[in-house]
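Below is one structure, written out as structure tokens; the observations come after it.
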Amino acid sequence: MLALLAVQWTTVDSNIPTRIIKGFKASPSRSSAQFEPLLTDITGVFAFGFLRISSAKLDLAIIHQPSTQQVWRANPFNLANWGNSTTFFFNGNIVLTDESIQDSTIWSSKSAGGDYLALSNNSNLQIYASPADSSIWQSFDYPFDTLVQGQKFSSASTATLVTTDKRYTLRIGIAYLALFMEFHGSQEMNYWKHTARRANALKDIYALVLPLGFLGIFYVSDGKIVDGIPFDSFERGLLGFHRLTLESDGNLYAYYWNNDTWVSVYTAQTEPCGLPGKCGAYGICIPGSPTQCTCLVNGTDGCLQSDSGDFCGNQNTGFSVIRKSGVTVEYIDIMETIAVGSLDECEKTCEQSCVCWGALYSNAAKHCYIMDYPIQTVEKSGASYSGYFKLRSNGQGPAVHKEKHQHKRGHRAVIVVVVTFTLTFAGIAAYGGYWWWDKKRNSLSIIQLGSAPKQQPEPNKDSDTN
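Note that the numbering used here has the sequence shown beginning at 1, numbered continuously upward.
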């Protein structure tokens, strides 16, 4: 997926400086240009300036000029107005203000002591201090959604890549790179992970996009390489400028600039159904036909909207349950896993946990995979997997939850009726058997009594005594 920014360019000429010194100030013009450069690198490949967002907003950004592709933005979540009220100035610190907003400072580099600002030929914006010309701040330490060639992405910092809607992030931890879907609050879902094969779990690492066409992973301490993720350009021996971008669908892509266009050379999640937002919340994706989505449960417009939170507390306990066989997720190997004996045990584990939204059960492995986040896209699979999914009741939860338990009580009532009937029938049968046996016994006694010889009375012993 290659999403280039459609830009109407102002003419870049020798009037655009390669260095901004302390005291510089500028505001966006009234032109309809989508980008107004303030600074360029010495090769003219990259430019820093005002980037128009929608029609009336702006952000400070760095642009790859031949393609108009943005590679860095200063503050994508708090935009200034495109107009005279907005001012960029450099006073040793990069500052963007908008006088039409109550808190007029929109963004600041929060640096001090800088004398001039320059842009390197790999797009790194840096503040330098004289006379040693030492760099005291650089844009490479604060990425937005893109890593360019030569830019370190380190677990020793708090830097992440993030999409404009803050829905997806790429993070680097000790010994791994991972993609997450973010929910309101502290909830998150890990849906892709690359573990560095030779990395020590106690040592910080950094990732670096290399011109040879792969993402190298190194120790921060000594720079020793511990792993690498090759791109297609590496296999084909293509040398040139590369970038790694987290795009709005939540996938991570690498691109190679061939002096004419950006060529896609790497995709982190190769199966589209493995992206949690592919078919939306409670959606079912069909591998091989990712545009054909169905729903675990229908909403008013397609599948349901994504939820957040949990089922803990008196106000959040209500839920109903959706059961679906033959569904799984592409990232099941990195989910929380519990060994269980049956599907019923897996379901009960989730049912009894107020932070659990759902579970997948593998009949073959007897494993229960816990979803402690709102249900997103699942994919159609073989019959060996079964899904158990909670659905918040939207204020009617206690009633729905009650219905579920009434359903269970209904099962118990049926069992009681069956047992009672069985015992009653057994009692009647036993009584009937006893009645028949007693009748037969009495009849036999009568017959035996009638056929027995009559006993003669014994002589009276007293009659022989006179």
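In this text, a Cβ means the ideal position worked out from N, Cα and C, and glycines have one as well.
1. What residues in its chain sit with their C-beta under 7 Å from that of T105, if we drop five residues either side in the sequence?
2. Take A326 and list the residues in its own chain whose beta-carbon comes closer than 7 Å to its own, dropping the five residues that flank it on each side.
3. Quick one: what's Y142 bridged to in DSSP?
4. Expressed to the nearest angstrom, what Euclidean distance is found between the alpha-carbon atoms of I205 and L252?
5. Considering only their Cβ atoms, is the gap separating Q70 from T473 smaller than 9 Å?
6. Kindly provide the ranges of any beta strand (DSSP E) runs that are 3 or more residues long and lie completely inside the segment 111-170, ordered along the chain.
7. Quick one: residues in its chain with C-beta nearer than 8 Å to the C-beta of N91, no 5 flanking neighbours on either side, listed in chain order?
8. When you compare each of S157, A359, P374 to H367 by their alpha carbons, which one comes out closest?
9. Which residues in the same chain as T169 place their Cβ atom closer than 7 Å to its Cβ, once the five residues preceding and following it in sequence are excluded?
10. Does the pairing of the segment 256-265 with the segment 225-243 give three or more beta-carbon distances under 8 Å?
11. Should N15 go down as buried or exposed, given a rule of 16 or more other Cβ atoms within 10 Å for buried?
12. Can you check which of these residues, T337, Y331, F231, I370, is closest to N190 by C-alpha distance?
13. If you draw a straight line from the C-alpha of H407 to the C-alpha of I322, how long is it?
14. Is any non-hydrogen atom of the ligand FMN found closer than 8 Å to the C-beta of Q376, if you look at the structure I gave you?
15. Do you know offhand how far N75's Cα is from S111's?
16. With the cut-off set at 9 Å, would you say A129 and G113 are in Cβ contact?
17. Could you round the C-beta distance between L177 and I20 to whole angstroms and report it? I think they count as a contact, below 8 Å.
18. Measure the C-alpha to C-alpha separation of S155 and I334 and round it to an integer number of angstroms.
19. On the CB-based measure, 16 or more other CB atoms within 10 Å of its CB, does Q65 come out buried or exposed?
20. Under the rule that 16 or more other beta-carbon atoms within 10 Å means buried, what is R198, buried or exposed?
21. Touch check for the segment 225-236 and the segment 137-146: three-plus C-beta pairs under 8 Å?
22. Specify the secondary structure class of F77 as computed by DSSP and reduced to three states.
23. Closest by CA to S353, which one among D249, R171, D372, A365?
24. Is T18 buried or exposed, if buried means 16 or more other CB atoms sit within 10 Å of its CB?
25. Output the boundary residues of the beta strand (DSSP E) element that contains E330.
26. Mapping DSSP to helix, strand and coil, what is C279?
27. Please identify the residue among S233, F234, A201 whose C-alpha is closest to the C-alpha of F218.
28. Just how far apart, CA to CA, sit P211 and T43?
29. Using the Cβ count rule (16 or more neighbours within 10 Å means buried), how would you classify N124?
30. Provide the residue(s) that pair with H242 in DSSP beta bridges, ordered along the chain.
31. By DSSP, does P374 sit in helix, in strand, or in coil?
32. Thinking V203 and I174 are a contact (beta carbons under 8 Å), I'd like their distance in whole angstroms, please.
33. Starting from the C-beta of P453, find all residues in its chain whose C-beta is less than 8 Å away, skip the five residues before and the five after it, and write them out in chain order.
34. With H, G and I counted as helix, E and B as strand and the rest as coil, what does DSSP make of D344?
35. Got a sec? Which residues, its chain only, sit under 7 Å from P276 by beta carbon, not counting five neighbours each side?
36. Mapping DSSP to helix, strand and coil, what is S386?
Reading it off the structure:
1. Hits under 7 Å: V95, T97.
2. As written in the sequence, residue 326 is Gly, which differs from the Ala given in the question. For G326, where only same-chain residues beyond five positions count, the Cβ hits under 7 Å are K380, S381, G382, A383, Y385.
3. When DSSP reads this structure, Y142 sits in no beta bridge, so it has no partner.
4. I205 and L252 have their C-alpha atoms roughly 19 Å apart.
5. Residue 473 lies beyond the range of the chain shown here (1 to 466); nothing can be said about it.
6. Those beta strand (DSSP E) runs which fall completely within the segment 111-170 and span 3+ residues are 116-119, 125-129, 134-138, 146-148, 152-154.
7. In chain order, K22, G23 place their CB closer than 8 Å to the CB of N91, counting only its own chain and leaving out the 5 sequence neighbours on each side.
8. Minimum Cα distance to H367 is reached at A359.
9. So the qualifying residues of the chain are T160, L161, V162, F180, E182.
10. The segment 256-265 is in contact with the segment 225-243.
11. So N15 ends up on the exposed side.
12. Among T337, Y331, F231, I370, the Cα nearest to that of N190 belongs to Y331.
13. Note that H407 scores 35 on pLDDT, short of 50, meaning its location in the model is unreliable; the coordinates nonetheless yield the value given after this. Going from the Cα of H407 to the Cα of I322 covers about 14 Å.
14. Questions concerning the ligand FMN fall outside what the structure shown contains, since it holds no ligand whatsoever.
15. Pairing N75 with S111, the inter-Cα distance amounts to about 16 Å.
16. Contact: yes.
17. Not quite, the Cβ-Cβ distance comes to about 34 Å (not below 8 Å), so this is no contact.
18. Distance between the alpha carbons of S155 and I334: 20 Å.
19. Burial call: buried.
20. Taking every protein chain shown into account, the CB of R198 has fewer than 16 other CB atoms within 10 angstroms, so this residue is exposed.
21. With the cut-off at 8 Å, the segment 225-236 and the segment 137-146 do not touch.
22. Coil.
23. Answer by Cα proximity: D372.
24. It is exposed - the Cβ of T18 has fewer than 16 other Cβ atoms within 10 Å.
25. DSSP places E330 in no beta strand (DSSP E); its state is neither H nor E.
26. Three-state result, C279: coil.
27. Out of S233, F234, A201, the CA that lies nearest to the CA of F218 is found in A201.
28. Each residue's Cα considered, the two are about 18 Å apart.
29. Label assigned to N124: buried.
30. For H242, which the question treats as bridged, DSSP gives the partners Y256.
31. If DSSP states are grouped into helix, strand and coil, P374 belongs with coil.
32. Per the sequence shown, the amino acid found at residue 203 is Lys instead of Val. Beta-carbon to beta-carbon, K203 and I174 are separated by about 7 Å, close enough to satisfy the 8 Å threshold.
33. With a pLDDT of 41 at P453, under the threshold of 50, the modelled position of this residue cannot be trusted; read the value that follows with caution. Closer than 8 Å at Cβ, skipping near neighbours: no residue.
34. Helix at D344.
35. Around P276: M181, M189, Y191, G250, Q376, T377.
36. Secondary structure of S386 (DSSP, three-state): strand.
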